[in-house]
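Below is one structure, written out as structure tokens; comments come after it.
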Amino acid sequence: MLKVLYLINHAGKAGTERYVYSLMEKLHNKKIKAALAYNEEGLLVERVKALGIETHQINMRNPFDIKAIFNLSSLCKKLQIDLIHTQYLRENYIAMQSRLLNPKVKVMYTSHFIMRNNGVTRMFNRLLTPLEANIISVCNKGKEMMIRNGVTGKKINVIFNGVDPNFWGDPVPSTIRKEFNIGEDVFILLCASRFAHDKGHDFLINAIAELKKMTRKEFRCILANDGPLLEDRKKQALELGLEKDIIFTGFRKDVKNLIYGSDLYINSSEHEALSFAIIEMLASGLPVIATDMGGNGDIINPETNCGILVKYNDAKGLAEAILKVMNDPQLQKTLRENAIKAIQEKFNLDNMVLETYNLYRSSCGLE
Numbered sequence: 002m003l004k005v006l007y008l009i010n011h012a013g014k015a016g017t018e019r020y021v022y023s024l025m026e027k028l029h030n031k032k033i034k035a036a037l038a039y040n041e042e043g044l045l046v047e048r049v050k051a052l053g054i055e056t057h058q059i060n061m062r063n064p065f066d067i068k069a070i071f072n073l074s075s076l077c078k079k080l081q082i083d084l085i086h087t088q089y090l091r092e093n094y095i096a097m098q099s100r101l102l103n104p105k106v107k108v109m110y111t112s113h114f115i116m117r118n119n120g121v122t123r124m125f126n127r128l129l130t131p132l133e134a135n136i137i138s139v140c141n142k143g144k145e146m147m148i149r150n151g152v153t154g155k156k157i158n159v160i161f162n163g164v165d166p167n168f169w170g171d172p173v174p175s176t177i178r179k180e181f182n183i184g185e186d187v188f189i190l191l192c193a194s195r196f197a198h199d200k201g202h203d204f205l206i207n208a209i210a211e212l213k214k215m216t217r218k219e220f221r222c223i224l225a226n227d228g229p230l231l232e233d234r235k236k237q238a239l240e241l242g243l244e245k246d247i248i249f250t251g252f253r254k255d256v257k258n259l260i261y262g263s264d265l266y267i268n269s270s271e272h273e274a275l276s277f278a279i280i281e282m283l284a285s286g287l288p289v290i291a292t293d294m295g296g297n298g299d300i301i302n303p304e305t306n307c308g309i310l311v312k313y314n315d316a317k318g319l320a321e322a323i324l325k326v327m328n329d330p331q332l333q334k335t336l337r338e339n340a341i342k343a344i345q346e347k348f349n350l351d352n353m354v355l356e357t358y359n360l361y362r363s364s365c366g367l368e
């Protein structure tokens, strides 16, 4: 049984942490013996401990932290780790450098972002990539960007994120219409992104203002999450006179309750790799309108026909797309059916886990 150490900088509650948790939950004590090492503690640590998996904290101040390199090497020797699976550039660099002390351990990296590196980072990518066994990109544009960033293309494998269609496709009775006093005939839009600069909430709120000018049909937009820009977006909504049209819920754990009470999901992000939120919505049969950014085109395209892509920061264009779905029940039905099909065929958690495990084996020379 392979021993795999999952190494992550911040063990919080975002999509990357969901990715790590899904792999551990599916593989631990079945195909691998898992452990978690992290720099900054968060919700992921608590969830992993609940699975009976041991966790270790390693301070990682920067990608070339000598003490962290030695501590990681020592931990891998102690736990007899076969492979380190990293998630961000900082810990990936540290893990690759730790191989100079402990070359038996293999390193595999998953890139969750599409980001242009500066010249210095591209140089180190070229220098350190030979220490990497394999690399995963969660979308095709991510692979293209990594190659431009100096990473060896032949080591990059595209494995789409996946979710459990049985879990997300199992409906729950929603209480949100009662909770927020929303009538049965009101069309409900949902966005559950964290309020951060790249999530485009200002663009979405501007689109809601445009939508209000275009239709007399009653609707509500639920913005569910927290984050540093939450108060700014509340102020924006108030200034645009949307205090009755937009509902800010704060952070919610009852995501399925929100999904099964909604009619349409909106992703307004400026940057995306392959969004867990989008594929969770689709797995629940909820149609999606998303920005044509990053890996969103891997999910929503003419082949899957499970949603609509719009240009980022085109408020009028987003409003028109929302109105199109609102006014066409048959389109809603088609998108719902195709959404479920797309998850089952392309973004299934079991497929993601199996492909990743096979890459673990390949990285360790077991094929």
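When you read off a place in the sequence shown, starting at 1, and then add 1, the result is the number in the numbering used here. Beta carbons are placed, not taken as given, at the ideal position from N, Cα and C, and that holds for glycine.
Among the options, the one whose alpha carbon lies nearest that of residue i
i, options, result
"residue 359", "14, 127, 143, 136", "136"
"residue 346", "364, 318, 329, 307", "307"
"residue 68", "81, 83, 102, 80", "102"
"residue 104", "115, 83, 155", "83"
"residue 356", "4, 32, 6", "32"
"residue 86", "142, 7, 48, 100", "7"
"residue 218", "260, 65, 186", "186"
"residue 193", "211, 276, 299", "276"
"residue 246", "93, 190, 179", "190"
"residue 259", "282, 315, 241, 165", "282"
"residue 223", "211, 349, 76, 243", "243"
"residue 302", "330, 225, 340, 316", "340"
"residue 166", "367, 130, 344", "344"
"residue 65", "76, 93, 52", "93"
"residue 129", "156, 161, 178, 332", "156"
"residue 113", "15, 72, 80, 234", "15"
"residue 327", "235, 230, 221, 116", "221"
Coarse secondary structure for residue i, derived from DSSP in three states
i, result
"residue 261", "coil"
"residue 59", "coil"
"residue 202", "helix"
"residue 361", "helix"
"residue 108", "strand"
"residue 196", "coil"
"residue 188", "strand"
"residue 243", "coil"
"residue 224", "strand"
"residue 162", "coil"
"residue 302", "coil"
"residue 115", "coil"
"residue 135", "strand"
"residue 54", "coil"
"residue 233", "helix"
"residue 101", "coil"
"residue 330", "helix"
"residue 277", "helix"
"residue 12", "coil"
Cβ-heavy atom distance, residue i to the ligand MG, below 6 Å
i, result
"residue 248", "The ligand content of the structure shown is nil, which means the ligand MG is not present either."
Cβ-based neighbour list, residue i, same chain, cut-off 8 Å, excluding 5 preceding and 5 following
i, result
"residue 63", "91"
"residue 354", "23, 24, 27, 28, 163"
"residue 322", "290, 309, 311"
"residue 176", "258, 262"
For residue i: DSSP bridge partner residues
i, result
"residue 308", "289"
"residue 29", "33"
"residue 7", "37, 86"
"residue 75", "The partner list for residue 75 (beta bridge, DSSP) is empty, contrary to what the question assumes."
"residue 249", "224"
"residue 266", "191, 289"
"residue 157", "136"
"residue 126", "DSSP output for residue 126 lists no bridge partner at all."
"residue 349", "164"
Beta-carbon proximity list for residue i, same chain, < 6 Å, skipping 5 on both sides
i, result
"residue 313", "271, 292, 294"
"residue 88", "9, 17, 111"
"residue 70", "95, 98, 99"
"residue 297", "273, 291"
"residue 41", "11"
"residue 107", "84, 134, 364, 365"
"residue 212", "320, 323"
Other residues of its chain near residue i: CB distance less than 7 Å, five sequence neighbours each side excluded
i, result
"residue 13", "43, 44, 45"
"residue 237", "203, 206"
"residue 74", "99, 102, 103"
"residue 226", "193, 194, 195, 196, 252"
"residue 199", "270, 271, 272"
"residue 54", "25, 29, 35, 36, 37"
"residue 215", "320, 324"
"residue 115", "142, 143, 146, 272, 274, 295"
Check whether the segment 258-268 and the segment 287-298 are in contact - that is, three or more C-beta pairs closer than 8 Å. Under the three-pair Cβ rule at 8 Å, the segment 258-268 counts as touching the segment 287-298.
Does the segment 206-214 come close enough to the segment 165-175 that 3 or more CB-CB pairs lie under 8 Å? The segment 165-175 and the segment 206-214 do not touch, with fewer than 3 CB-CB distances between them shorter than 8 Å.
Are there three or more Cβ pairs, one per stretch, closer than 8 Å when the segment 143-151 is compared with the segment 123-133? They touch, by the three-pair rule.
Taking 8 Å as the cut-off, does the segment 129-143 touch the segment 251-260 (at least 3 CB pairs, one atom from each stretch)? no
Would you call the segment 298-307 and the segment 331-351 touching, i.e. three or more CB-CB distances under 8 Å? yes
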